[in-house]
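**Q** Sequence order for the protein chains is L and R.
One point on numbering: in my numbering, the residue at position 205 of the first sequence is 318, and numbering is uninterrupted.
One point on numbering: in my numbering, the residue at position 678 of the second sequence is 1302, and numbering is uninterrupted.
The beta-carbon is built from N, C-alpha and C at its ideal position, and this holds for glycine as well.
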Amino acid sequence: MMISQFFVLSQRGDNIVFRDYRAEVPKGSTETFFRKVKFWKEDANAEAPPIFNVDGVNYFHVKVVGLYFVATTRVNVSPSLVLELLQRIARVIKDYLGVLNEDSFRKNFVLVYELLDEVIDFGYVQTTSTEVLKSYVFNEPIVIAPARLQPIDPAAIFTQGAKRMPGTAVTKSVVANDPSGRRREEIFVDIIEKISVTFSSSGYILTSEIDGTIQMKSYLSGNPEIRIALNEDLNIGRGGRSVYDYRSSSGSGVILDDCNFHESVRLDSFDSDRTLSLVPPDGEFPVMNYRMTQEFKPPFHVNTLIEEAGRLKAEVIIKIRAEFPSDIIANTITVQMPLPNFTSRASFELEPGAAGQKSDFKETNKMLEWSLKKIVGGAEHTLRAKLTFSQEFHGNITKEAGPVSMTFTIPMYNVSKLQVKYLQIAKKSSSYNPYRWVRYVTQANSYVARI
Amino acid sequence: IVGVFFFHLSTHETPPVNQNISTILAAPSSDLSSILSDRVTSRWFLLRWISRRTNSNHISTATISAMPPPAASSRYPSPSQPSGKSEVTDLKSQLRQLAGSRAPGVDDSKRDLFKKVISYMTIGIDVSSVFGEMVMCSATSDIVLKKMCYLYVGNYAKGNPDLSLLTINFLQRDCKDEDPMIRGLALRSLCSLRVPNLVEYLLGPLGSGLKDNNSYVRTIAVTGVLKLYHISASTCIDAEFPATLKSLMLHDSDAQVVANCLAALQEIWSLEASHSEEACREKESLLSKPLIYYFLNRIKEFNEWAQCLILELAVKYVPSDSNDIFDIMNLLEDRLQHANGAVVLATVKVFLQLTLSMTDVHQQVYERIKSPLLTLVSSGSPEQSYAILSHLHLLVVRAPFIFASDYKHFYCQYNEPSYVKKLKLEMLTAIANESNTYEIVTELCEYAANVDIEIARESIRAVGKIALQQYDVNAIVDRLLQFLEMEKDYVTAETLVLVKDLLRKHPQWSHDCISVVGGISSKNIQEPKAKAALIWMLGEYAQDMSDAPYILENLIENWEEEHSAEVRLHLLTAAMKCFFKRAPETQKALGIALAAGIADFHQDVHDRALFYYRVLQYDVHVAERVVSPPQQAVSAFADTQSSEIKDRIFDEFNSLSVIYQKPSYIFTDKEHRGPFEFSDELGSTSITPEVSSDIVPAQQFEANDKDLLLSTDEKDDNKGLSSNNGSAYTAPYESSNISSQMQELAISGPAASATTTQSSFDFDDLLGLGLSTAPAPTPSPPLLKLNARAALDPRAFQQKWRQLPISLSQEYSVNPQGIAALTVPQSLIKHMQSHSIHCIASGGQSPNFKFFFFAQKEAEPLDYLTECIINSSSAKAQIKVKADEQSTSQAFATVFETALSKFGMP
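1. Since R:ALA1479 and R:PRO1418 are thought to touch, with beta carbons under 8 Å apart, how far apart are those beta carbons, to the nearest angstrom?
2. Examine chain R for any beta-carbon lying closer than 8 Å to the beta-carbon of L:SER309, and answer yes or no.
3. For R:TYR917, which of R:ASN927, R:LEU933, R:GLU901, R:ASP948 has the nearest alpha-carbon?
4. Going by DSSP, what residues sit across from L:VAL489 in a beta bridge?
5. In terms of DSSP beta bridges, what is L:MET450 paired with?
6. Does the CB of L:SER457 have a neighbour CB from chain R at under 8 Å?
7. Does any residue of chain R have a CB that is nearer than 8 Å to the CB of L:THR471?
8. With a threshold of 8 Å between beta-carbons, can R:TYR1035 be considered close to chain L, or not?
9. Of the residues R:ARG959, R:ILE1494, R:HIS962, which one's Cα is nearest the Cα of R:GLU1435?
10. Within a Cβ cutoff of 7 Å, which residues of the same chain sit near R:ASP1228, ignoring the five residues on either side of it in sequence?
11. With 8 Å as the threshold, decide whether the Cβ of R:HIS962 is near any Cβ in chain L.
12. Within 10 angstroms of its Cβ, does R:LEU656 collect 16 or more other Cβ (buried), or is it exposed?
13. DSSP on L:LYS530, reduced to helix/strand/coil?
14. What three-state label does DSSP hand R:TYR1031 in the structure shown?
15. Would R:GLY1442 be called buried (16 or more neighbouring beta carbons within 10 Å of its own) or exposed?
16. Please tell me whether, using a cut-off of 7 Å, the distance from the CB of L:GLU464 to the nearest non-hydrogen atom of the ligand SAM is below it.
17. In whole angstroms, give me the CA-to-CA distance for R:PHE1527 and R:ILE1100.
18. Going by the beta-carbon positions, is the gap between R:LYS1159 and R:LEU1127 smaller than 8 Å?
19. With a threshold of 8 Å between beta carbons, is L:ALA159 in contact with chain R?
20. Would you list the residues sitting across from R:ALA1103 in a DSSP beta bridge?
21. Can you say whether L:ARG424 is buried or exposed, counting buried as having 16 or more other CB atoms within 10 angstroms of its CB?
22. Got a sec? Which residues, its chain only, sit under 8 Å from L:ALA591 by beta carbon, not counting five neighbours each side?
23. How is L:MET519 classed by DSSP in three states: helix, strand or coil?
24. Nearest CA to the CA of R:MET1200: which residue from R:GLU1185, R:ASN1182, R:VAL1239?
25. State yes or no: is the C-beta of R:SER1431 within less than 8 Å of the C-beta of R:VAL1505?
26. With three or more C-beta pairs closer than 8 Å as the rule, is the stretch 927-939 of chain R touching the stretch 895-905 of chain R?
27. Only counting the same chain, and skipping five residues up and downstream in sequence, which positions put a Cβ closer than 7 Å to that of R:HIS1455?
28. Ordered along the chain, which non-local residues of its own chain (more than five positions away) have a Cβ less than 8 Å from that of R:GLY965?
29. Would you say L:ILE318 and L:ALA443 are within 8 Å of each other, going by their C-beta atoms?
30. At the level of alpha carbons, what is the spacing between L:SER286 and L:SER331?
31. Show which residues of chain L have a CB atom less than 7 Å away from the CB atom of R:VAL768.
32. What does the alpha-carbon distance come out to for the pair R:VAL586 and R:LEU980?
33. Taking Cβ positions only, does L:VAL561 come closer than 8 Å to chain R?
34. In this structure, how does DSSP classify L:LEU405 when only helix, strand and coil are distinguished?
35. Looking at the structure shown, is R:MET1456 part of a helix, part of a strand, or coil, going by DSSP?
36. What are the residues of the stretch 1270-1285 of chain R that lie near chain L, defined by any Cβ-Cβ distance shorter than 9 Å?
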């Protein structure tokens, strides 16, 4: 392993924290790194890969909430180890600070140094467990107001939709005391599913995949054991069948292609009754990641039409239909579509009485953008756009535009039908009844309709 | 930008700092990446920037004088320079005031000051001048203060050895504190001072730290030993710390102590091994069966990071038999379900390395690891996905048939970063086969219209590569030609290059392609590569394209405006070819081209023009035979990476080599290649596992596929020209160009008639590959005498094998008698020994046998190391020679070949 340095840079390239563990990398590595990342290629579009080598020094970085978490080394290390570690350091810091952003970082950098000293010694990882670190860290976090929280991390999505949830709960530090002086006993279990669907131009599904995570954040005192029961008809692995054999989904069972588990999870009775048992460590962590290619009903149906209307004109019609129950509401929906390069103007026509909708034509990258605050299950919405071209065009206009892509969040809905049937907390006292939050959310990862 | 800024500066006393930071950063000429946000220091930075600009130009002196004069003109202010001086001086006096104070609440004030010091340190201001004050203030029981002080001291001690002495006292005292937390922290800081002449003060605290009853202190002490080793290796060895660590590693109850011992010992012994026999033995003892099992059996007691360390160790373990292998695999099976990608990849590496010699199981391993890796790709951040995907990429390229049905997993998603998309495109190219090509190419064609132009280009190239590796290219040709109809410049450019390559391999498609290409206006093509491709086609198919001579004429008339030498070279050749086919129409243009070419400032263009001119002068018919011989289809384009390199990268699985797609010796210096590098090549073959096929019920695959799994496809190796240099073209292009030039040379030689049929071998030989089939008599090398009693111990062999480059790589045929005798591999070892070539390691099973030989030149201590892989079903032996003396390696290879050819003969 052997990491030489660790540092965090802001978007503008200033050092927020900097720790040198082995004194092997020459001075100026933060500047070398930042210049390389900023000007990776002439072509501004190309993003710097997370790992690169400059003059024998290997730079690793992950971007978290707009900050660069960077490690350097001269050794031929395991790349996923370092990237995993950087990601984990970010999570540990978030556990302590409650909210992770540049501001909270700057206010708490001494605490961050304390953490870093215990996480890595002489380049070797010692521990990344929030739990273990608690006994070594003495600074009290200066918690910044949750109102300043930007909706970046998955937890933030809950602050918008589901009213049942106290939005600030997930931004609590694991060590800070409540102003009331009393810690609330509660545990959060989030089932977050990111879905990727590609529709062909004729509307049928080319590829689809669900990448899910059962995420847990526990504020229970005394670390009691927890049992989580999943669907009894859950199956893992699709046997000898081809992964993309859609006919196989006749049964009602949930079939995962594959999954993996956090190291605290014990699977003793998983095979018999689909329960996971664990003693949740402090902080936020994924209990289980899963992947599913079983056929599912895509939450939105997208219909796009682009037609020439005269020599220098064309019309675009985008229709989206929400294919989920009417008690479910999707929010923050955006629809994007690249228009032909020679489009000079676009005028939009929203449906009558449309509220909370915006449409825009981004001249620089010729992008049509349509955003909707919310869509109620079963509803259908249409956008018409009239395009004006700067030059005459012959050929197939559909090859010049598209595909249409969508992003959205649907709280309290999951497409895989994977469920947490119950969440059992083992603690003797009968009066002990902590809050248990089980939440579902579906998000678009790559939701694309070709035209 | 500069102007705007000055305006602020001259109208306000204090410029509105924060607004300007971004504007300054946006100026590409500035390298001020570490712009600061702290108000005080930002001003410092901005002023510095200005003062730098003033040197170059146009600021009135009045503006300059308005600034504080010193304003830190150096990048890294040293203590003598007053960067942020007033602030630091302020801090210094405040600290001094607090140092002696015992007033209540003083710790809080100290905390604030310490924080300030550390924040300056972070952003790069030198605060070493307050060293003394910091140490004075550290007499406190407040652990938060202590920690900040330790951090500070660790940062500046190395540069201030004299001041460091000040800290020794209080650190030593803290090492005896009753709070284990403080003992540990003090010990860590003490060892982090990195000051060589203070090491004597470390020994006592380290010794007691290793015996401390608190595990936190012990973990720190163990790493402290490693730190000491790096400051002064001899002190560390003399104090016999390694031995203590070894006993701790075997007996300590705390897993992290054990893990740190392992890490420290690996590092120490690897570094010592170069000059100490004992360290060598110790290093190898870490790989003994009891120790490996000791670690593996309790692997779950360790945290995930320590698990990676143990798994990396287990990779180097040489199992004693197949039961051993299966025991380890069963033990580690559940590690594949770990959510941490690093643990999974380390486990995968163990599985792959353990089963290298067991083809069927090796194949099962591929099937087994596929799903967990795909899950990791989709569950992590884009960065983590990229790391995992790079490893999948390696596996896919190695064994495409195993992933052929999973192609949809490698489709690009529109929001993925381009570095991920590029990998996926390469993977799709690799796994395309008869059953999935249609879908893959359809998908790739969608990307060709992508908004991301770079990805669109890559996608078109991918289609082209797939076309070149398929036998049935019918449908793909249509798609390619459709690209030309899209009328996007870059699409057309990429497609032209591909059509050219395709025609060189499948001339039968010329009719369809040429009719479409003929319709493209050369005016729309600007990129040199595409232009060159079009010109090549114009020359090659001049008889099928009615206006070829006129297009060429047009291009030749604009000779002066053609900036690319590559294009001009092609123009010359195309004009020649066209001339032979349609002389009357081309003669004038050719004349102009030759004249312009001879006057060209570019050496190659000049030479080629002159050469054509002279050949034409000599005899037009000879010229035609030279420049425009009957077309020959290229059967396979040379691979850009040799199989040797690919195997090397595979051996370095789960390291940066996979990400960079380069073996580690290319991008790291030797000392950093890895903490514990053993020769993998030897490691996996130095035993001969008695594996009979009935142990593992596994699917049977064709022999072909097995070969693919064990080492990358080596079949193409001797077809293509594996290495050529000095040409400015890219690889696939390069080889053809050279070979066509070679062809020209060969035909003009005396052996003209014979070489037309065997020309491809000729080229190889001209490039020095020395194939035995080459008709040209190579001068027989002087006979090499070998030392019959040469000796080399395996370790020295490993070391040499790692260090030396390959000086020779060849393939020989083994006669049938030899193959028959190979049923007892030992017989070959004996046979070679009788020719003074000694075996040092051997392994493998039918049909693949691997041997490592060495030999020594008589009377001189010069060694020849050879890796010899014999495939008994193809009756071929591939050898790689590494030699101390490069110049005689060919002579040695001859001796080796002679010896090998006599194997099995009575």
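**A** According to the data block:
1. Mapped onto the second sequence, residue 1479 of chain R falls at position 855. Mapped onto the second sequence, residue 1418 of chain R falls at position 794. Not really, about 15 Å apart at Cβ, beyond 8 Å.
2. To locate residue 309 of chain L, count along the first sequence from 1; it is residue 196. True, the Cβ-Cβ gap to chain R drops below 8 Å.
3. Residue mapping note: residue 917 of chain R aligns to position 293 of the second sequence, counting from 1. When only C-alpha atoms are compared, the closest one is R:ASP948.
4. The residue given as residue 489 of chain L occupies position 376 in the first sequence. Its beta-bridge partners are L:ILE442.
5. Taking the first residue of the first sequence as 1, we reach residue 450 of chain L at position 337. Paired residue(s): L:LEU481.
6. Translated into the one-based positions of the first sequence, residue 457 of chain L becomes position 344. No - not a single Cβ of chain R is within 8 Å of the one on L:SER457.
7. Your numbering for residue 471 of chain L matches position 358 in the first sequence. The sequence shown places Lys at residue 471 of chain L, rather than the Thr named in the question. Not closer than 8 Å to any Cβ of chain R, the Cβ of L:LYS471 fails to qualify, so no.
8. Counting from 1 along the second sequence, the entry for residue 1035 of chain R is found at position 411. Chain L contact via Cβ: present.
9. In the second sequence, residue 1435 of chain R corresponds to position 811, counting from 1. Checking every option, the nearest Cα to that of R:GLU1435 belongs to R:ILE1494.
10. Position 604 of the second sequence, counting from 1, holds the residue named residue 1228 of chain R. Answer for R:ASP1228: ALA1189, LEU1193, listed in chain order.
11. Position 338 of the second sequence holds residue 962 of chain R. Yes, because at least one Cβ of chain L sits closer than 8 Å to the Cβ of R:HIS962.
12. Working through the second sequence from its first residue, we reach residue 656 of chain R at position 32. Because R:LEU656 carries a pLDDT of 33, less than 50, the predicted location of this residue cannot be relied on, and the following value inherits that uncertainty. By the neighbour-count rule (16 or more Cβ atoms within 10 Å), R:LEU656 is buried.
13. In the first sequence, counting from the first residue as 1, residue 530 of chain L sits at position 417. It is coil, neither helix nor strand.
14. In the second sequence, counting from the first residue as 1, residue 1031 of chain R sits at position 407. Looking at R:TYR1031 - three-state DSSP - the assignment turns out to be helix.
15. Counting from one through the second sequence, the residue named residue 1442 of chain R turns up at place 818. Burial call: buried.
16. Looking at this structure, you won't find the ligand SAM or any other ligand, since it has none at all.
17. Residue mapping note: residue 1527 of chain R aligns to position 903 of the second sequence, counting from 1. Residue mapping note: residue 1100 of chain R aligns to position 476 of the second sequence, counting from 1. Spanning the two alpha carbons is a distance of roughly 49 Å.
18. The sequence position of residue 1159 of chain R within the second sequence is 535, counting from 1. The sequence position of residue 1127 of chain R within the second sequence is 503, counting from 1. According to the sequence shown, residue 1159 of chain R is Ile rather than Lys. No, these two residues do not count as a Cβ contact at 8 Å.
19. Locating residue 159 of chain L in the first sequence gives position 46, where the first residue counts as 1. Yes, its Cβ sits closer than 8 Å to a Cβ of chain R.
20. Locating residue 1103 of chain R in the second sequence gives position 479, where the first residue counts as 1. For clarity, residue 1103 of chain R is Arg in the given sequence; the question names Ala instead. DSSP output for R:ARG1103 lists no bridge partner at all.
21. Against the first sequence, residue 424 of chain L aligns to sequence position 311. Exposed is the call here.
22. Summary: the structure shown does not reach residue 591 of chain L, with chain L confined to residues 114 through 564, and so no result is reported for it.
23. On the first sequence, position 406 is the one that residue 519 of chain L refers to. If DSSP states are grouped into helix, strand and coil, L:MET519 belongs with the strands.
24. Position 576 of the second sequence, counted from the first residue, corresponds to residue 1200 of chain R. The shortest C-alpha separation from R:MET1200 is found at R:VAL1239.
25. The count along the second sequence starts at 1 and reaches residue 1431 of chain R at position 807. The count along the second sequence starts at 1 and reaches residue 1505 of chain R at position 881. Contact: yes.
26. no
27. Your numbering for residue 1455 of chain R matches position 831 in the second sequence. So the qualifying residues of the chain are PHE1527.
28. One-based indexing of the second sequence puts residue 965 of chain R at position 341. Closer than 8 Å at Cβ, skipping near neighbours: LEU1000, GLY1004, GLN1008, ALA1011, ILE1012.
29. Counting from 1 along the first sequence, the entry for residue 318 of chain L is found at position 205. Counting from 1 along the first sequence, the entry for residue 443 of chain L is found at position 330. No, these two residues do not count as a Cβ contact at 8 Å.
30. By 1-based counting over the first sequence, the position of residue 286 of chain L is 173. By 1-based counting over the first sequence, the position of residue 331 of chain L is 218. Their backbone Cα atoms lie some 11 Å apart in a straight line.
31. The residue labelled residue 768 of chain R in the question sits at position 144 within the second sequence. In chain order: PHE251, ASN252.
32. This structure cannot speak to residue 586 of chain R, because chain R is shown only from 625 to 1530.
33. Stepping through the first sequence from its first residue, residue 561 of chain L is reached at position 448. Chain R contact via Cβ: present.
34. Locating residue 405 of chain L in the first sequence gives position 292, where the first residue counts as 1. Here residue 405 of chain L turns out to be Met, not Leu, going by the sequence shown. The answer is strand: DSSP assigns L:MET405 an E or B state.
35. Numbered from its first residue, the second sequence carries residue 1456 of chain R at position 832. In this structure, R:MET1456 counts as helix in the three-state DSSP scheme.
36. GLU1276, ASN1278, SER1279, LEU1280, SER1281, VAL1282, ILE1283, TYR1284
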